[in-house]
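In full-length UniProt numbering, the protein residues as written are 1 to 140.
One structure is given below, encoded as structure tokens.
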Amino acid sequence: MLIKRGIVIICIMLGFFVLIGCQQKTDDDNNEIVSYEYLSLDKQYSNEINQWLHKAKKSTDERIYGIDSDDGNQYVYAKGYKQAKVSYTYETFDGKVNSSIKATLLKGQDSDEVLIKITYNTDVDGITLDATDDKDQFYN
């Protein structure tokens with residue numbers, strides 16, 4: 001009886017150690033290459049971002065504005081656009097590796113505004129800002 005109890009305890013402990021060893025690390029889940037989020041136009045950000053955003057909003061030009069920080073963030077603001085999407089491309093050509101990010105904005109009404117923050121791995125070679133008024137092209 002004592003031997004059976006000891007074997008059961010050993011089996012339970014071994015099962016416990018196997019379960020602990022098989023769990024995935026959650027620290028690596030935030031190691032994304034690129035992500036983006038919509039930001040509020042009414043919120044306060046760093047002084048640099050606030051000044052840039054204020055200047056872009058005051059401008060009468062209908063264009064896409066971007067500001068890049070050294071820590072792997074790019075902010076994009078556009079008047080007359082209503083939605084954004086971000087994609088990542090990794091290419092190898094003639095032995096050279098090129099990785100790039102493309103942010104595409106969908107044209108909206110003149111009163112529409114969009115502000116996004118793109119967070120990316122700093123090893124990315126470049127970011128392209130693009131615009132379209134074709135919904136089919138945007139959603140495909």
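No residue lacks a Cβ here, since even glycine has one placed at the ideal position from N, Cα and C.
In this text the structure is predicted, and so the values were computed from the model without any measurement.
If you draw a straight line from the C-alpha of residue i to the C-alpha of residue j, how long is it?
| i | j | result |
| --- | --- | --- |
| L115 | V97 | 30 Å |
| L129 | I12 | 56 Å |
| D110 | D42 | 18 Å |
| N50 | G66 | 13 Å |
| S40 | L53 | 11 Å |
| E48 | G80 | 23 Å |
| I9 | N73 | 52 Å |
| E37 | A84 | 9 Å |
| Y45 | D71 | 15 Å |
| D94 | S59 | 43 Å |
Residue i by DSSP, collapsed to three states: which one?
| i | result |
| --- | --- |
| N140 | coil |
| E32 | coil |
| E62 | coil |
| N121 | coil |
| Q51 | helix |
| I9 | helix |
Out of the options, which has the shortest C-alpha to C-alpha gap to residue i?
| i | options | result |
| --- | --- | --- |
| Y139 | Q44, D61, A103 | A103 |
| Y75 | K107, I3, S35 | S35 |
| N121 | T92, D112, L105, S69 | S69 |
| I127 | G108, S99, L105 | S99 |
| L105 | A131, D125, F93, T92 | A131 |
| V124 | K4, R5, K58, I101 | I101 |
| G108 | R5, K55, Y90, E62 | E62 |
What does DSSP give as the partner residue(s) for residue i in the beta ladder?
| i | result |
| --- | --- |
| L41 | Paired residue(s): none; L41 is not in a bridge. |
| I127 | I101 |
| Q83 | L106 |
| K96 | F93 |
| I67 | Y75 |
| I116 | Y38, V76 |
Residue i and residue j look like a contact to me (Cβ under 8 Å); what is the Cβ gap, rounded to whole Å?
| i | j | result |
| --- | --- | --- |
| I118 | V86 | 6 Å |
| K82 | D112 | 4 Å |
| I33 | Y77 | Going by Cβ atoms, the distance from I33 to Y77 rounds to 23 Å, so no, they are not a contact pair. |
Of all Cβ atoms in chain D, is any one closer than 8 Å to the Cβ of residue i?
| i | result |
| --- | --- |
| D123 | Checking the listed chains, one finds no chain D in this structure; it contains a single protein chain. |
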